[in-house]
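Q: Sharing a structure with you now.
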Amino acid sequence: MACDLLLAFLLSKLVRGWSRSLIVYLYSTEPLALPARLLSLRACKVRSEDSEEVASGESIVLDEQTLIRELQAAIEEENYTQAAKIRDSLKVLQEDSKASVLAANSRFYTAFRKGDLAAMQSLWEKADNVCCVHPGASGVLGYDDVMESWELVWMNYDFPLDIELKNVRVHFRGDVGYVTCVEFVRTKGRSWGAQFVTNVFEKIDGQWFISVHHASPVDL
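Quick note on numbering: the sequence shown equals residues -17 to -1, 1 to 203 in mature numbering (1 follows the signal peptide of the UniProt record, and there is no 0).
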């Protein structure tokens, strides 16, 4: 339910953003004209498939919903000792998932800061439905076009960039997690640009990949 609400929220935001005919790119407060085919107005969506947790090393990552069901069953059976153990396991799982999503977000910004295209390519889900919305630009859909958009964004930059994140918050449910933050970016000789960012991640075969990056310019 939470994932469905998140995806509906993201899609509604993206569609409203596409109604504006803007091509001004505001990471560094200077315009960037993307090729017409990268500015095509196509709906962005995140794949929402049910997937089974897989073995990782010697342990198996337990599914959150399974633990919740087991917790409810233990409480109904008045097995409070077992319920306490399940509650502890659920807390550990949630903290581990949050940490993993934050780590994936950190890797994204490390690649962004360095202008490391190879790293950026490895961090995104390789799918036709991934979506990237750069500040002031229309949504770019599909892995190949998203990667090309990063090349265009970075072509006139001097690296490394100055990037600061504030108000970082992480949320997750099952195999989908997202991070919201305010992103401050400055390139050499230019002023700071600020964006409110939502990064959506999906867990595939035990690893978190970014599937949506949406940055909207905000006033400093």
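Glycine residues also receive a C-beta, built at the ideal position from the N, C-alpha and C atoms. Since this is a predicted model, take the numbers as computed values, not measurements.
By Cβ distance, which residues of its chain are closer than 7 angstroms to residue 207, with the 5 residues on each side in sequence left out?
A: This structure cannot speak to residue 207, because the chain is shown only from -17 to 203.
Q: From the DSSP output, read off the bridge partner residues of Leu148.
A: For the purposes of this step, residue 148 is taken as residue 165 along the sequence shown, with counting starting at 1. According to DSSP, Leu148 bridges with Glu166.
Q: Taking the alpha carbon of Lys171 as the point to measure from, which residue in Thr181, Gly160, Asn139, Ser199 has its own alpha carbon closest?
A: Along the sequence shown, one-based indexing puts residue 171 at 188. When each option's Cα is compared against that of Lys171, the closest is Asn139.
Q: Which parts of the region 56 to 134 are runs of the alpha helix (DSSP H), unbroken and 4 residues or longer, counting only runs that do not cross its ends?
A: Segments of the alpha helix (DSSP H) lying fully in the region 56 to 134: 63 to 97, 100 to 106.
Q: Hey, quick one: how far does the beta strand (DSSP E) through Gly176 stretch, first residue to last?
A: One-based indexing of the sequence shown puts residue 176 at position 193. 176 to 187 is the span of the beta strand (DSSP E), which, as asked, contains Gly176.
Q: Just reading off the beta strand (DSSP E) that Val195 is part of, what are its end residues?
A: What you label residue 195 is simply residue 212 of the sequence shown in a count that begins at 1. Element bounds for Val195: 190 to 200.
Q: What do you reckon, are the CB atoms on His196 and Val116 nearer than 8 angstroms?
A: Taking the sequence shown and counting its residues from 1, the one referred to as residue 196 is at position 213. Taking the sequence shown and counting its residues from 1, the one referred to as residue 116 is at position 133. Taking 8 angstroms as the Cβ cut-off, His196 and Val116 qualify as a contacting pair.
Q: How about Ala177 and Leu203: are their beta carbons less than 8 angstroms apart?
A: For the purposes of this step, residue 177 is identified with residue 194 of the sequence shown, where counting begins at 1. For the purposes of this step, residue 203 is identified with residue 220 of the sequence shown, where counting begins at 1. Closer than 8 angstroms, so yes.
Q: Do three or more CB pairs link the region 51 to 67 to the region 159 to 170 at distances below 8 angstroms?
A: With a cut-off of 8 angstroms, the region 159 to 170 and the region 51 to 67 do not count as touching, because too few Cβ pairs lie within range.
Q: Considering only DSSP beta bridges, list what Tyr161 is partnered with.
A: Counting from one through the sequence shown, the residue named residue 161 turns up at place 178. Tyr161 is bridged to His154, Val183.
Q: Grouping DSSP H, G and I as helix and E and B as strand, with all else coil, what is Leu50?
A: Along the sequence shown, read from residue 1 onward, the residue named residue 50 stands at position 67. Three-state result, Leu50: helix.
Q: Find the nearest neighbour of Arg90 within the set Ala198, Val201, Ser199, Phe192, judged by alpha-carbon distance.
A: Residue 90 sits at position 107 when you count from the first residue of the sequence shown. Closest by alpha carbon: Phe192.
Q: Is the separation between the beta-carbon of Val201 and that of Phe179 shorter than 8 angstroms?
A: The residue you call residue 201 lines up with position 218 of the sequence shown. The residue you call residue 179 lines up with position 196 of the sequence shown. Cβ distance < 8 angstroms, so Val201 and Phe179 count as in contact.
Q: Please go through the same chain and pick out, in chain order, the residues whose beta-carbon is closer than 6 angstroms to the beta-carbon of Arg96, but skip the five residues on each side of it.
A: In the sequence shown, residue 96 corresponds to position 113, counting from 1. Within the same chain, Arg96 has close Cβ partners Pro143, Leu144, Ile146.
Q: Compute the beta-carbon to beta-carbon distance between Leu106 and Trp133, rounded to the nearest angstrom, for a pair I have assumed lies under 8 angstroms.
A: On the sequence shown, residue 106 is found 123 positions in, with the first residue counted as 1. On the sequence shown, residue 133 is found 150 positions in, with the first residue counted as 1. No, Leu106 and Trp133 are not in contact; Cβ-Cβ is about 11 angstroms, not under 8 angstroms.
Q: Thinking C-beta only, is Ala86 closer than 8 angstroms to Ala94?
A: Residue 94 sits at position 111 when you count from the first residue of the sequence shown. Residue 86 sits at position 103 when you count from the first residue of the sequence shown. No; because the gap between Cβ atoms is not below 8 angstroms, this pair is not in contact.
Q: Between the C-alpha atoms of Glu108 and Ala198, what's the straight-line distance to the nearest angstrom?
A: If you number the sequence shown from 1, residue 108 lands on position 125. If you number the sequence shown from 1, residue 198 lands on position 215. Between Glu108 and Ala198, the C-alpha separation is close to 18 angstroms.
Q: To the nearest angstrom, report how far apart Gln55 and Gln190 are at their CA atoms.
A: By 1-based counting over the sequence shown, the position of residue 55 is 72. By 1-based counting over the sequence shown, the position of residue 190 is 207. So the alpha carbons of these two residues sit roughly 28 angstroms apart.
Q: Leaving out the 5 sequence neighbours to the left and right, which residues in its chain are closer than 7 angstroms to Asn88 when beta-carbon positions are compared?
A: Along the sequence shown, one-based indexing puts residue 88 at 105. Once the five neighbours on either side are set aside, the close Cβ partners of Asn88 are Val162, Asn182.
Q: Output the distance between the C-alpha atoms of Val29 and Asp111, rounded to the nearest integer angstrom.
A: As a position in the sequence shown, residue 29 is number 46, starting the count at 1. As a position in the sequence shown, residue 111 is number 128, starting the count at 1. Any reading at Val29 is ruled out, since the residue's pLDDT is 37, under 50, leaving its predicted position unreliable.
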